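Undergrad:
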Amino acid sequence: MRNSDGNGELDFGDAAAARRPKPTPAARPATAGAAAGIAVHVAGLDWQAIADELNAHGHAILPGMLAAEECAALAAQYDQSQLFRSRVVMSQHGFGSGEYQYYRYPLPSLIAALRGALYGPLAVIANRWHELMDLPDRFPAEHADFLARCHAAGQTRATPLLLQYQAGDYNCLHQDLYGEHVFPLQAAVLLSQPGQDFDGGEFVLTEQRPRMQSRVEVVPLKRGDLLIFAVHQRPVQGTRGIYRVNLRHGVSRLRTGTRHTLGLIFHDAN
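Under UniProt numbering, the first residue of the sequence shown carries the number 1, and numbering increases by one thereafter.
#1: Determine, using beta carbons only, whether residue 189 and residue 90 come nearer to each other than 8 Å.
#2: Assuming residue 162 contacts residue 262 under a Cβ cut-off of 8 Å, what Cβ separation, rounded to an integer in Å, is found between them?
#3: Identify, in the order they occur along the chain, each residue of the same chain with its Cβ nearer than 8 Å to the Cβ of residue 231, setting aside the five sequence neighbours on each side.
#4: What does a CB cutoff of less than 7 Å around residue 87 pick up in its chain, not counting 5 residues either side in sequence?
#5: For a quick check, are the C-beta atoms of residue 38 and residue 158 less than 8 Å apart?
#6: Give the DSSP-derived three-state secondary structure of residue 21 in the structure shown.
#7: Tell me the rounded alpha-carbon separation between residue 22 and residue 147.
#8: Grab the span of the alpha helix (DSSP H) containing residue 48 for me, first residue to last.
#9: Is the distance from the Cβ of residue 103 to the Cβ of residue 74 below 8 Å?
#10: Please name the residue, chosen from 223, 41, 93 and 46, that lies closest to residue 10 on a Cα-to-Cα basis.
#11: Please identify the residue among 249, 118 and 152 whose C-alpha is closest to the C-alpha of residue 233.
#12: Ignoring anything shorter than 4 residues or poking outside the region 131–173, list the alpha helix (DSSP H) runs there in chain order.
#13: For my contact list, residue 270 and residue 154 are in at a C-beta cut-off of 8 Å; report their separation, rounded to the angstrom.
#14: Quick check on this structure: which residue in 143, 180 and 198 has the alpha carbon closest to the alpha carbon of residue 170?
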């Protein structure tokens, strides 16, 4: 496992260390290509700065991860039923209002590349979180190895999903757990432009600390922005040491238009 040094910095490899310090992660150029461009861009991000944001707030925004045309192409996949293994109408399950579909394997190349590229540096952060929270599980450096662990436990169904909201729709606060093996971080990419394609529909995070009321945060996103956030718990430094806080996420009511979001969960489902 890669640990932090005495200053609290994580070891993301020599190349990442040589790039620091850096400003907020920059948008990925649209000319970078699809799968190959994603891998190069993700490898070049300032992962220490991203880790610092996650440690401080439980989430971090990576602006402009996908170009407008990539967002449009992904949103258009919602009508391509052959890409998906199941469709969920939220109102039928008490999840809210709106719907989403889970992709089937093999995933579209752009989604597979994004999921695979993000996992490695996130595993460094996830291992540190589990160490701080005194949780036993540690995560391998390669996503394929973690998926093999999931599949051996019966979690074999793909979890990346495409969500669709219309006016009046919303998503209740929840956690995406899906089985025994849970990777503690997940990601979402907003595929629609606020103020143009829709109004309302803000991404919402709540954090419940022991013996305290819940803290709510509305996360501002633009089309193409990628949000990394905690699935379930994260470590927080208190006066008596590290303690765990419980997180949930959801989407507020959409007032007008249509909103599409790509969700990336790194563990598979049983």
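All C-beta atoms in this analysis are idealised placements derived from N, C-alpha and C, irrespective of residue type, glycine included.
Treat the numbers as computed from the prediction; the structure is a model and nothing was measured.
TA: To lay it out plainly:
#1: no
#2: 6 Å
#3: 175, 176, 177, 182, 183, 184, 185, 186, 247 and 265
#4: 99 and 101
#5: no
#6: Its pLDDT being 39, under 50, residue 21 is placed unreliably by the model, and the measurement read from it follows with that caveat. DSSP places residue 21 in coil when its eight states are reduced to three.
#7: Low confidence applies here, because residue 22 scores a pLDDT of 41, under 50, leaving its location unreliable; read the following figure in that light. Residue 22 and residue 147: Cα-Cα distance of roughly 32 Å.
#8: 47–57
#9: no
#10: 46
#11: 249
#12: 143–152
#13: 5 Å
#14: 198
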